[in-house]
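Visitor: Sequential numbering of the sequence shown, starting at 28, is according to the numbering used here.
Glycine is no exception: its CB is placed at the ideal position from the N, C-alpha and C atoms.
Just so we're clear, the structure is a prediction, and the values are computed from it rather than from any experiment.
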Amino acid sequence: MFAMLRAALTGVFLAGLLAPLAAQTEIPISETALSEMPQVYEPAKADPAINPFRSPRFEGIKVESPFTIPSDPSLRPDVTALAGATPRVLPPIGSRPLISFPGIKYSLSTPPDPELAVGPRDVIQAVNLRIAFFNKFTGVQTFEQPLDTFFKVPGGGKYLSDPKLAFDPGAGRFYATLLEVRNATQESYLHLAVSKTSNPKDGWFLYRINVLFSQSGLKYWTDFPMLGFSKDGLVISGNAFPFTDGASFGSRILCIRKTQILTGAKAVLTFFNEPNSYGIQPAKHNEAALDRIYGVNVRFTTALQIYCFQNLGGVPKLTKLLEPPAPKPKVVVVPEMLAPKSAPSKNGRFLDAIDGRLTSCWFRAGRLYVAHGARISAADQRSQVRWYEINANAWPNNPEVTPTLIQRGAVSGGSGQAVFVPAISANRDGDISLLFTRSSPSIVADLMTASRKATDANGAMGAAVLRLSSNGTRFSNNTSSGSPARWGDYFGLVPDPIDGTTFWATAQVGNFVGSQPNEWLTTVFSFTVRPETKASQILFGITKAVGGSAFGNGLTVKLSDDVYHKVNAAGTPLKAGANYTFRVTGDRTRVSGLDFVVEYGGVAGGTVDFTILNRRTGLQEPIGTAPLLATDRKATLKFRGLYSDYFDAKGDVVFRGVATAPTFFTYRTDFATLVVYRV
28 MFAMLRAALT
38 GVFLAGLLAP
48 LAAQTEIPIS
58 ETALSEMPQV
68 YEPAKADPAI
78 NPFRSPRFEG
88 IKVESPFTIP
98 SDPSLRPDVT
108 ALAGATPRVL
118 PPIGSRPLIS
128 FPGIKYSLST
138 PPDPELAVGP
148 RDVIQAVNLR
158 IAFFNKFTGV
168 QTFEQPLDTF
178 FKVPGGGKYL
188 SDPKLAFDPG
198 AGRFYATLLE
208 VRNATQESYL
218 HLAVSKTSNP
228 KDGWFLYRIN
238 VLFSQSGLKY
248 WTDFPMLGFS
258 KDGLVISGNA
268 FPFTDGASFG
278 SRILCIRKTQ
288 ILTGAKAVLT
298 FFNEPNSYGI
308 QPAKHNEAAL
318 DRIYGVNVRF
328 TTALQIYCFQ
338 NLGGVPKLTK
348 LLEPPAPKPK
358 VVVVPEMLAP
368 KSAPSKNGRF
378 LDAIDGRLTS
388 CWFRAGRLYV
398 AHGARISAAD
408 QRSQVRWYEI
418 NANAWPNNPE
428 VTPTLIQRGA
438 VSGGSGQAVF
448 VPAISANRDG
458 DISLLFTRSS
468 PSIVADLMTA
478 SRKATDANGA
488 MGAAVLRLSS
498 NGTRFSNNTS
508 SGSPARWGDY
518 FGLVPDPIDG
528 TTFWATAQVG
538 NFVGSQPNEW
548 LTTVFSFTVR
558 PETKASQILF
568 GITKAVGGSA
578 FGNGLTVKLS
588 DDVYHKVNAA
598 GTPLKAGANY
608 TFRVTGDRTR
618 VSGLDFVVEY
628 GGVAGGTVDF
638 TILNRRTGLQ
648 EPIGTAPLLA
658 TDRKATLKFR
668 GLYSDYFDAK
678 GDVVFRGVAT
688 APTFFTYRTD
698 FATLVVYRV
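Listed below in structure tokens is the structure:
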């Protein structure tokens with residue numbers, strides 16, 4: 028849900044009026060309050076998972092002989108529950124395909140507002156009006172539920188929309204928000220969910236916060252809430268509109284102290300009201316110790332306004348760059364921004380390119396990255412994506428040095444094409460990625476990305492990459508440019524909080540199948556900007572895991588030269604196995620994949636099970652199972668996971684192969700190699 032940004036944005040802002048003098052203004056607190064005590068939600072108990080939560084973290088298996096994933100259904104991905112489709116691999120920017128899987132499908136709401144948050148082991152996705160959890164390494168969906176059930180929204184007669192999500196690496200928590208409006212009774216609420224741990228299946232604290240306010244005899248509700256956080260608190264900004272006829276107000280901003288909400292206590296709330304200012308986007312980030320939240324909006328047609336929220340663990344302070352009619356205003360000047368027109372789509376349809384507001388904001392290492400849609404020019408009415416990188420310059424702690432525009436750029440489509448509804452993010456290397464839609468009279472709607480390395484020329488952006496196209500010949504029945512079909516309103520794009528380099532994205536495409544002209548599908552995928560590198564590392568050590576006498580060691584098992592490590596079977600049932608230890612040096616936070624290569628043999632009629640040691644839990648996790656034969660066979664097991672769980676302090680990682688057969692045998696292994704991928 029959104030209300031269109033008012034056409035009068037205060038007019039064109041003349042660059043000649045912008046004196047170089049640094050200036051700022053502080054906004055006083057308007058209201059403070061305590062929330063009610065939250066409810067508690069336990070998703071694993073209240074709504075059983077689609078799949079068992081434990082699942083192997085493997086990407087796939089390449090074999091030179093018959094090889095299967097584990098036969099136990101609880102140990103393998105079940106793709107039948109995923110929107111009737113198997114996970115797809117999308118073309119990456121880097122050299123190696125990363126994970127991709129179907130997200131939540133059409134929920135009968137339009138637009139879907141797809142959003143995501145990525146934690147150590149899980150991806151959470153939300154749309155209007157459902158929420159789902161996925162295993163980050165397999166794409167297996169482990170939970171899905173309507174948002175009104177998840178948030179325990181009371182009663183009927185309500186309007187719900189605009190879900191937002193974030194993962195806070197400092198607190199190790201997920202946050203989810205949702206707006207609730209009741210027109211008949213003129214009520215406005217914001218729902219906030221805080222996960223109890225970094226595992227979304229461990230339960231959530233649920234807050235329902237009254238965000239209604241009155242002014243000049245009118246009651247105002249809060250629309251289009253946008254979420255940001257610091258180490259001390261949360262900031263949620265929304266656009267305030269009256270229930271009855273009357274002038275729109277501006278922004279309603281809620282600051283929430285984090286100390287209480289992490290433990291499920293009453294939350295300390297502070298409200299700010301910012302008149303005549305819409306679409307203030309608080310910045311998301313992956314920085315654990317960040318002590319402030321920056322916000323940005325399109326405040327003027329040729330300028331961006333910057334806000335800063337500080338002291339969120341105490342009495343919050345809001346500072347903004349000075350604006351007209353101040354005698355010496357200071358804002359971030361950009362080329363004139365004209366709100367985008369409707370985007371043409373195939374078969375005479377039109378899609379809503381939204382209204383020029385900022386659709387995402389990301390903070391990294393003192394820089395702000397923002398993007399929005401705008402017309403290319405007054406003469407060229409097509410929508411393009413504009414992006415900006417802004418240096419915060421330690422403002423407002425140092426008021427003499429205000430934020431400055433470092434670089435800007437634009438992405439436009441080809442002849443007749445419109446690009447719109449962008450999301451932007453930057454990874455720990457300073458590489459920037461954009462996610463957006465492309466359409467034209469011959470294209471229903473394509474999901475696109477574009478990326479640049481931090482070392483690229485200032486303002487340059489890489490070529491757009493097609494990620495997914497819409498199904499069918501059209502989207503919607505809207506054939507008037509003055510009444511376009513709702514699209515977006517926003518997409519999700521964030522860097523992985525663990526490796527800091529991989530980008531995760533979610534967005535919609537059309538899925539016209541005849542029964543629902545506005546039907547959509549969503550996808551979740553990850554990609555890298557820089558190509559992955561790979562290096563082979565030989566065995567560091569080998570030990571008997573199970574069985575009788577062992578022959579050979581890690582020094583001999585390096586090449587496919589029929590020099591084996593052998594273990595005689597023992598016990599009941601008869602088993603023999605070995606641990607393979609590799610030492611991985613270098614920056615292990617950049618590890619993006621492991622390929623374990625082994626040549627093995629034993630006796631016909633047996634099986635061999637391969638596992639990896641999770642040092643956090645102390646458990647062996649299954650990777651794959653294969654038949655055992657008297658002749659040697661070679662297998663490559665491709666593994667993806669949260670590698671801090673599998674490496675010890677020295678960088679040692681341990682794989683295991685245990686063979687089982689009905690008769691006495693000797694299990695032999697050769698060609699033990701580990702291929703390490705890094706981004």
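Once you ignore the five residues that flank Pro468 on each side, which residues in its own chain have a CB closer than 7 Å to its CB?
Guide: So the qualifying residues of the chain are Pro371, Lys373, Gly443.
Visitor: Output needed for Glu301: all residues of its chain with C-beta closer than 6 Å, excluding positions within five of it in sequence on either side, in chain order.
Guide: Correct list, in chain order: Gly277, Ser278.
Visitor: Name the one or two DSSP bridge partners that Asp149 has.
Guide: Answer is Asn162.
Visitor: Whole angstroms are fine: how far does the CA of Ala596 sit from the CA of Gly575?
Guide: Rounded to the nearest angstrom, the two C-alpha atoms are 6 Å apart.
Visitor: Sorted by chain position, which residues of the same chain lie with C-beta nearer than 7 Å to Gly486's C-beta, five sequence neighbours on each side aside?
Guide: Counting only Cβ-Cβ distances below 7 Å, and skipping sequence neighbours, we find Gln434, Arg435, Gly436.
Visitor: Starting from Thr286, follow the alpha helix (DSSP H) in both directions and report where the run begins and ends.
Guide: Unbroken alpha helix (DSSP H) run through Thr286: 285–288.
Visitor: Are the beta-carbon atoms of Tyr305 and Val323 separated by less than 9 Å?
Guide: No.
Visitor: What is the rounded straight-line gap between the Cα of Ala198 and the Cα of Asn226?
Guide: Taking the straight line from one Cα to the other gives about 12 Å.
Visitor: Can you tell me whether Gln287 is buried or exposed? The criterion is at least 16 other CB atoms within 10 Å of its CB, across all chains shown.
Guide: So Gln287 counts as buried.
Visitor: Start and end of the alpha helix (DSSP H) containing Tyr567?
Guide: Per the sequence shown, the amino acid found at residue 567 is Phe instead of Tyr. Neither: Phe567 is in no alpha helix (DSSP H) and is coded neither H nor E.
Visitor: Can you name, in chain order, every residue of its own chain whose Cβ lies under 6 Å from the Cβ of Arg409, other than the five neighbours on each side?
Guide: Same-chain partners within the cutoff: Ile403, Ala445.
Visitor: Would DSSP call Ser225 helix, strand or coil?
Guide: Coil at Ser225, not helix or strand.
Visitor: Would you identify the three-state DSSP class for Phe94, choosing helix, strand or coil?
Guide: Legend: pLDDT at Phe94 = 35, less than 50; position of this residue unreliable, no value from coordinates given.
Visitor: Taking buried to mean at least 16 other C-beta atoms within 10 Å of its own C-beta, is Asn580 buried or exposed?
Guide: Exposed, because fewer than 16 other Cβ atoms sit within 10 Å of the Cβ of Asn580.
Visitor: Report the partner residues of Phe554 according to the DSSP bridge assignment.
Guide: Paired residues: Phe530.
Visitor: Helix, strand or coil: how does DSSP classify Pro65 here?
Guide: Reduced to three states, the DSSP call for Pro65 is coil.
Visitor: Let me know if Thr424 comes out buried or exposed under the rule of 16 or more other beta-carbons within 10 Å of its beta-carbon.
Guide: Before going on, a small fix: residue 424 reads as Asn here, not Thr. Label assigned to Asn424: exposed.
Visitor: Is it right to say Asn162 is buried, meaning 16 or more other beta carbons lie within 10 angstroms of its own, or is it exposed?
Guide: The residue in question, Asn162, is buried, as its Cβ has 16 or more Cβ neighbours within 10 Å.
Visitor: Just the Cα atoms here: how many angstroms apart are Tyr694 and Val590?
Guide: Roughly 13 Å between the two C-alpha positions.
Visitor: Could you check if Ile451 is buried or exposed, using at least 16 other CB atoms within 10 Å of its CB as the buried criterion?
Guide: Classification of Ile451: buried, given that the 10 Å Cβ count is 16 or more.
Visitor: Mapping the DSSP letters down to three states, classify Leu493 as helix, strand or coil.
Guide: Strand at Leu493.
Visitor: Skipping 5 residues on each side, what residues in its chain have a beta carbon closer than 6 Å to that of Thr583?
Guide: If we look at Thr583 and ignore the five residues flanking it on each side, its Cβ neighbours are Val590.
Visitor: Once you ignore the five residues that flank Pro196 on each side, which residues in its own chain have a CB closer than 7 Å to its CB?
Guide: Answer for Pro196: Asn313, Ala315, Pro524, listed in chain order.
Visitor: Under the three-state reduction of DSSP, which class applies to Ser304: helix, strand or coil?
Guide: Ser304 falls in the coil class under three-state DSSP.
Visitor: Per DSSP, which one or two residues make a beta bridge with Asn418?
Guide: In DSSP, Asn418 forms a bridge with Arg394, Thr431.
Visitor: Taking C-beta to C-beta, are Phe530 and Thr482 nearer than 9 Å?
Guide: Taking 9 Å as the Cβ cut-off, Phe530 and Thr482 do not qualify as a contacting pair.
Visitor: Hey, could you find the ends of the alpha helix (DSSP H) Leu174 is sitting in?
Guide: Unbroken alpha helix (DSSP H) run through Leu174: 174–177.
Visitor: With distances taken from CA atoms, which of Arg513, Val325, Ile236 is nearest Arg413?
Guide: Selected option, being the one with the closest Cα: Val325.
Visitor: What residue does the beta strand (DSSP E) around Phe609 start on, and which one ends it?
Guide: Phe609 -> beta strand (DSSP E) spans 601–610.
Visitor: Exposed or buried, which one is Ile56 when buried takes at least 16 other CB atoms within 10 Å?
Guide: Ile56 should be labelled exposed.
Visitor: Give me the Cα-Cα distance between Pro75 and Gln172, rounded to the nearest whole angstrom.
Guide: Here Pro75 scores only 46 on pLDDT, less than 50, and its place in the model should not be relied on; the value that follows carries that caveat. Each residue's alpha carbon lies about 10 Å from the other.
Visitor: I'd like to confirm the pairing. Which residues does DSSP put opposite Arg376 in its beta bridges?
Guide: Answer is Ser372, bridged to Arg376.
Visitor: At a cut-off of 8 Å, would you count Tyr305 as near the ligand NAD, judging by its Cβ distance to the nearest heavy atom?
Guide: In terms of ligand content, the structure shown is empty, and the ligand NAD therefore cannot be addressed.
Visitor: Assign Asp672 to one of three DSSP states: helix, strand, or coil.
Guide: The answer is helix: DSSP assigns Asp672 an H, G or I state.
Visitor: Between which two residues does the beta strand (DSSP E) harbouring Glu53 extend?
Guide: Start and end: 51–54.
Visitor: When the Cα atoms are used, what is the spatial distance from Ile690 to Glu546?
Guide: Checking the sequence, you will find Thr at residue 690 rather than Ile. Approximately 58 Å, taken between the alpha carbons.
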